[in-house]
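Student: One structure, pasted below without further comment.
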Amino acid sequence: MPRPAEPLVVNDNGAWCWFQDERALVDPAAGRLVVGSIAAAEGPGGEARTGNVELAVVDLAARESTVVVLHENLEVDDHDVPALWHRSDGRWLAVYTRHKTDDLTRWRVSEPGDPTAWGPERTFDWAPHTGGRGVTYSNLRASGGRLYCFARAVNDDQCALVSDDEGDTWSYAGKLFTRPKVGYVNGYTRYASDGKRIDLVTTDHHPRDFDNSIYHGYIENGALHRSDGTVLDPAALDGEAPSQADLTTVLAAGSEWGGDPMTHCWTTDIRRSENGTVAAVLTARANLADEDFRRERAVPDLRFFYARLENGSWRVNELAKAGAGLMPHEEDYTGLAAIDPYDLDSLYLSTTVDPRDGSALPHHEIFHGRTDDGGATWTWTAVTEGSTVENLRPIVAPGDPSRIPLLWFRGEMTASQHYKCEAVLLDLPREH
Numbered sequence: 008m009p010r011p012a013e014p015l016v017v018n019d020n021g022a023w024c025w026f027q028d029e030r031a032l033v034d035p036a037a038g039r040l041v042v043g044s045i046a047a048a049e050g051p052g053g054e055a056r057t058g059n060v061e062l063a064v065v066d067l068a069a070r071e072s073t074v075v076v077l078h079e080n081l082e083v084d085d086h087d088v089p090a091l092w093h094r095s096d097g098r099w100l101a102v103y104t105r106h107k108t109d110d111l112t113r114w115r116v117s118e119p120g121d122p123t124a125w126g127p128e129r130t131f132d133w134a135p136h137t138g139g140r141g142v143t144y145s146n147l148r149a150s151g152g153r154l155y156c157f158a159r160a161v162n163d164d165q166c167a168l169v170s171d172d173e174g175d176t177w178s179y180a181g182k183l184f185t186r187p188k189v190g191y192v193n194g195y196t197r198y199a200s201d202g203k204r205i206d207l208v209t210t211d212h213h214p215r216d217f218d219n220s221i222y223h224g225y226i227e228n229g230a231l232h233r234s235d236g237t238v239l240d241p242a243a244l245d246g247e248a249p250s251q252a253d254l255t256t257v258l259a260a261g262s263e264w265g266g267d268p269m270t271h272c273w274t275t276d277i278r279r280s281e282n283g284t285v286a287a288v289l290t291a292r293a294n295l296a297d298e299d300f301r302r303e304r305a306v307p308d309l310r311f312f313y314a315r316l317e318n319g320s321w322r323v324n325e326l327a328k329a330g331a332g333l334m335p336h337e338e339d340y341t342g343l344a345a346i347d348p349y350d351l352d353s354l355y356l357s358t359t360v361d362p363r364d365g366s367a368l369p370h371h372e373i374f375h376g377r378t379d380d381g382g383a384t385w386t387w388t389a390v391t392e393g394s395t396v397e398n399l400r401p402i403v404a405p406g407d408p409s410r411i412p413l414l415w416f417r418g419e420m421t422a423s424q425h426y427k428c429e430a431v432l433l434d435l436p437r438e439h
């Protein structure tokens with residue numbers, strides 16, 4: 008399959024956050040990709056389209072995209088992007104929330120085999136559990152024949168709904184872990200699953216409020232484990248929840264890399280391979296003491312790290328420079344990175360520092376990285392070059408191991424609620 012000369016615009020108005028998954032999925036039998044996003048007033052359609060929860064349904068062979076609206080004018084905020092699940096009966100499930108401005112998890116189920124036709128929206132009300140303080144994010148992961156929807160809810164901790172009918176109905180399961188709240192919210196968590204086990208990486212709190220470390224654990228057979236397999240909570244989500252700080256530390260706040268101290272860590276991506284290897288991309292502030300930093304000023308030097316779990320032990324390496332924070336009021340935002348779900352030696356990242364030579368770039372560009380030594384060293388290739396706008400938040404959509412559907416959005420972004428961006432796709436062949 009020849010590489011397209013230009014990426015395909017799949018939605019002319021949209022962006023996404025990175026604490027929901029899967030945000031994009033491929034149905035290999037139908038040759039179709041589905042990706043969710045939120046439209047903004049600055050883009051095509053203006054105020055009439057702002058806050059639309061949308062899906063781009065892409066015919067990969069024809070290179071044509073159809074945009075479907077799941078909920079009109081829900082809220083203009085990239086945190087509202089839907090998580091997707093392709094069910095065993097051929098229907099699609101889409102789950103989404105507002106950004107802590109109400110207590111509803113919303114979901115819709117498609118017609119069989121048709122992600123352009125959807126049944127009515129249904130809701131789960133978290134208010135009896137949250138006290139009306141709001142819910143955010145949706146992450147759909149399976150384990151032991153159950154489907155979990157992880158969200159930030161009670162006490163702004165990681166909580167879950169569970170479904171035994173692939174999302175037709177949901178019930179409250181409980182809190183996964185907890186600790187006294189500091190600042191805005193508690194931990195930021197990313198999830199990966201092979202259907203049997205759910206791996207996660209998480210923080211203490213928001214990096215602007217706390218000098219976070221990164222922790223790892225996994226859920227298997229109903230228990231929450233540390234990386235080495237020891238059990239932290241034998242009945243995960245049931246009863247009193249442990250602190251995430253009692254999981255395995257992957258990247259410690261204050262640790263030094265090449266003589267540079269790293270602080271205020273954050274989670275970016277996590278994937279698990281068929282052989283049980285887990286890989287994660289993390290970020291941290293470099294060389295910046297709290298007393299030298301003023302709020303509302305982007306962090307000047309953010310770093311990407313690549314962490315790999317094999318046989319219960321983590322290896323962590325500095326991956327690349329991310330450049331300065333994306334926006335002043337969200338000091339730790341980066342362009343982000345995405346691990347190839349079928350090849351943990353391959354990833355794509357967005358940065359303003361060329362990882363090949365360290366030179367500064369005028370805009371965020373997308374680079375492909377490959378390692379042959381478990382993440383110690385990387386070879387880099389430019390995916391975008393000479394751009395006049397930002398290229399942000401790449402996704403490698405899972406579903407079809409024979410292809411690499413690389414998505415990102417490009418344009419200008421000044422806040423999670425204000426952007427003029429379009430979502431694009433490079434559907435790349437997988438070289439064997």
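Sequential numbering of the sequence shown, starting at 8, is according to our numbering. Note that beta-carbon positions come from the ideal geometry of N, C-alpha and C, so glycine has one too.
Indicate whether R105 and E82 have their beta-carbon atoms separated by less than 8 Å.
Tutor: Here residue 105 is taken as the residue at index 98 of the sequence shown, counted from 1. Here residue 82 is taken as the residue at index 75 of the sequence shown, counted from 1. In contact: R105 and E82 (Cβ atoms closer than 8 Å).
Student: Where does the unbroken beta strand (DSSP E) through H271 begin, and where does it stop?
Tutor: If you number the sequence shown from 1, residue 271 lands on position 264. Note, H271: beta strand (DSSP E), 267-279.
Student: If distances are taken between C-alpha atoms only, which option among E438, A422, P14 comes closest to Y349?
Tutor: For the purposes of this step, residue 349 is taken as the residue at position 342 of the sequence shown. Measuring from the Cα of Y349, the nearest candidate turns out to be E438.
Student: Exposed or buried, which one is S178 when buried takes at least 16 other CB atoms within 10 Å?
Tutor: Counted from its first residue, the sequence shown places residue 178 at position 171. Exposed is the call here.
Student: Taking the alpha carbon of D434 as the point to measure from, which residue in L40, D175, R113, T359 has its own alpha carbon closest?
Tutor: The residue given as residue 434 occupies position 427 in the sequence shown. Nearest option by C-alpha distance: L40.
Student: Per DSSP, what kind of secondary structure is R56 in: helix, strand or coil?
Tutor: Locating residue 56 in the sequence shown gives position 49, where the first residue counts as 1. In the structure shown, R56 sits in a helix (DSSP, three-state: H, G or I).
Student: Go through its chain and collect everything with a Cβ distance to E317's Cβ below 7 Å, but skip five positions before and after it.
Tutor: Counting from 1 along the sequence shown, the entry for residue 317 is found at position 310. Result list for E317: T284, in chain order.
Student: Using the beta-carbon count (16 or more within 10 Å), is P9 buried or exposed?
Tutor: Indexing the sequence shown from 1 puts residue 9 at position 2. Low local confidence applies: a pLDDT of 39 at P9 is under 50, so the model's placement there is unreliable, with the coordinate-based value given in what follows. Its Cβ having fewer than 16 others within 10 Å, P9 is exposed.
Student: Cα-Cα, which of L15, G152, A124 is closest to V169?
Tutor: In the sequence shown, counting from the first residue as 1, residue 169 sits at position 162. Looking at the Cα atoms, G152 is the closest of the given residues.
Student: Where do the N-terminal and C-terminal ends of the beta strand (DSSP E) with A158 fall, by residue?
Tutor: For this step, residue 158 is matched to residue 151 along the sequence shown. Here the beta strand (DSSP E) through A158 covers 153-159.
Student: Could you tell me how far apart the beta carbons of L239 and D218 are, in whole angstroms, since I believe they sit closer than 8 Å?
Tutor: Stepping through the sequence shown from its first residue, residue 239 is reached at position 232. Stepping through the sequence shown from its first residue, residue 218 is reached at position 211. In fact, because the Cβ distance is near 22 Å, the residues do not count as touching under 8 Å.
Student: Comparing alpha-carbon positions, which option in D84, G43, D407 lies nearest T143?
Tutor: For the purposes of this step, residue 143 is identified with residue 136 of the sequence shown, where counting begins at 1. Closest option to T143, Cα to Cα, is D84.
Student: Judging by CA-CA distance, which residue of R363, T237, Y222 is the nearest neighbour of N228?
Tutor: Position 221 of the sequence shown, counted from the start, is the residue given in the question as residue 228. Minimum Cα distance to N228 is reached at T237.
Student: Between which two residues does the alpha helix (DSSP H) containing L137 stretch?
Tutor: As a position in the sequence shown, residue 137 is number 130, starting the count at 1. For the record, residue 137 in the displayed sequence is Thr; it is not Leu. Per DSSP, T137 belongs to the alpha helix (DSSP H) from 134-137.
Student: In the DSSP assignment, the beta strand (DSSP E) including V169 goes from what residue to what residue?
Tutor: To locate residue 169, count along the sequence shown from 1; it is residue 162. Here the beta strand (DSSP E) through V169 covers 165-170.
Student: To which residues does DSSP link V65 through a beta bridge?
Tutor: Walking along the sequence shown from the start, residue 65 turns up at place 58. Partner(s): L40, S72.
Student: What residue range does the beta strand (DSSP E) around P436 cover?
Tutor: Stepping through the sequence shown from its first residue, residue 436 is reached at position 429. Counting along the chain, the beta strand (DSSP E) containing P436 begins and ends at 425-436.
Student: Thinking C-alpha only, which one of A331, T421, K427, L413 is nearest P436?
Tutor: Position 429 of the sequence shown, counting from 1, holds the residue named residue 436. Here the closest residue by C-alpha is L413.
Student: Are L147 and Q165 touching if we call contact CB-CB under 8 Å?
Tutor: One-based indexing of the sequence shown puts residue 147 at position 140. One-based indexing of the sequence shown puts residue 165 at position 158. The answer is no: Cβ separation not under 8 Å.
Student: Under the three-state reduction of DSSP, which class applies to N318: helix, strand or coil?
Tutor: For the purposes of this step, residue 318 is taken as residue 311 along the sequence shown, with counting starting at 1. Coil.
Student: For a quick check, are the C-beta atoms of G393 and W385 less than 8 Å apart?
Tutor: One-based indexing of the sequence shown puts residue 393 at position 386. One-based indexing of the sequence shown puts residue 385 at position 378. Not in contact: G393 and W385 (Cβ atoms no closer than 8 Å).
Student: Is D87 helix, strand or coil when you go by DSSP?
Tutor: Stepping through the sequence shown from its first residue, residue 87 is reached at position 80. Note: D87 maps to helix in three-state DSSP.
Student: What number of angstroms, rounded off, separates the C-alpha of L351 from the C-alpha of L67?
Tutor: Along the sequence shown, read from residue 1 onward, the residue named residue 351 stands at position 344. Along the sequence shown, read from residue 1 onward, the residue named residue 67 stands at position 60. Straight-line Cα distance between these residues: approximately 24 Å.
Student: Out of curiosity, what's the CA-to-CA distance linking R282 and L368?
Tutor: Here residue 282 refers to the residue found at position 275 of the sequence shown. Here residue 368 refers to the residue found at position 361 of the sequence shown. The sequence given here has Asn at residue 282, not Arg. Computed Cα separation, rounded: 37 Å.
Student: State buried or exposed for N193, treating a residue as buried only when at least 16 other CB atoms are found within 10 Å of its CB.
Tutor: Walking along the sequence shown from the start, residue 193 turns up at place 186. Buried, by the Cβ-count rule.
Student: So within the stretch 363-432, which uninterrupted beta strand (DSSP E) runs reach at least 3 residues, ignoring any that extend past its ends?
Tutor: If we require 3 residues or more, the beta strand (DSSP E) runs fully inside the stretch 363-432 come out as 367-377, 386-389, 397-403, 410-422.
Student: Helix or strand or just coil, what does DSSP make of D297?
Tutor: The residue given as residue 297 occupies position 290 in the sequence shown. In this structure, D297 counts as helix in the three-state DSSP scheme.
Student: Which residues in the same chain have their Cβ closer than 6 Å to the Cβ of P249, if we skip the five residues on either side of it in sequence?
Tutor: As a working mapping, residue 249 is identified with position 242 in the sequence shown. Excluding sequence neighbours, P249 sits near F184, L239, D240.
Student: Which whole-angstrom value is the C-beta distance of L207 and G224, which I expect to be below 8 Å?
Tutor: Locating residue 207 in the sequence shown gives position 200, counting from the first residue. Locating residue 224 in the sequence shown gives position 217, counting from the first residue. Right, the Cβ-Cβ distance comes to about 6 Å (below 8 Å), so this counts as a contact.
Student: Figure out for me which residue from A69, S353, L231, D361 has the closest Cα to the Cα of K203.
Tutor: Here residue 203 is taken as the residue at index 196 of the sequence shown, counted from 1. Comparing Cα positions, the closest option is L231.
Student: Starting from R304, trace the beta strand (DSSP E) both ways and give me its first and last residue.
Tutor: On the sequence shown, residue 304 is found 297 positions in, with the first residue counted as 1. Neither: R304 is in no beta strand (DSSP E) and is coded neither H nor E.
Student: Tell me whether N398 is buried or exposed, calling it buried when 16 or more other Cβ atoms sit within 10 Å of its Cβ.
Tutor: The residue labelled residue 398 in the question sits at position 391 within the sequence shown. Classification for N398: buried.
Student: Rounded to whole angstroms, what is the Cα-Cα separation between E100 and G174?
Tutor: Here residue 100 is taken as the residue at index 93 of the sequence shown, counted from 1. Here residue 174 is taken as the residue at index 167 of the sequence shown, counted from 1. Per the sequence presented here, residue 100 reads as Leu, with Glu not at that position. Distance between the alpha carbons of L100 and G174 is about 7 Å.
Student: Use the C-beta contact count for E419: other C-beta atoms within 10 angstroms, 16 or more gives buried, fewer gives exposed.
Tutor: Here the question's residue 419 lines up with position 412 in the sequence shown. Per the 10 Å Cβ criterion, exposed.
Student: Per DSSP, which one or two residues make a beta bridge with L32?
Tutor: Against the sequence shown, residue 32 aligns to sequence position 25. Per DSSP, V41.
Student: For A259, does the three-state DSSP call read helix, strand or coil?
Tutor: Translated into the one-based positions of the sequence shown, residue 259 becomes position 252. Note: A259 maps to coil in three-state DSSP.
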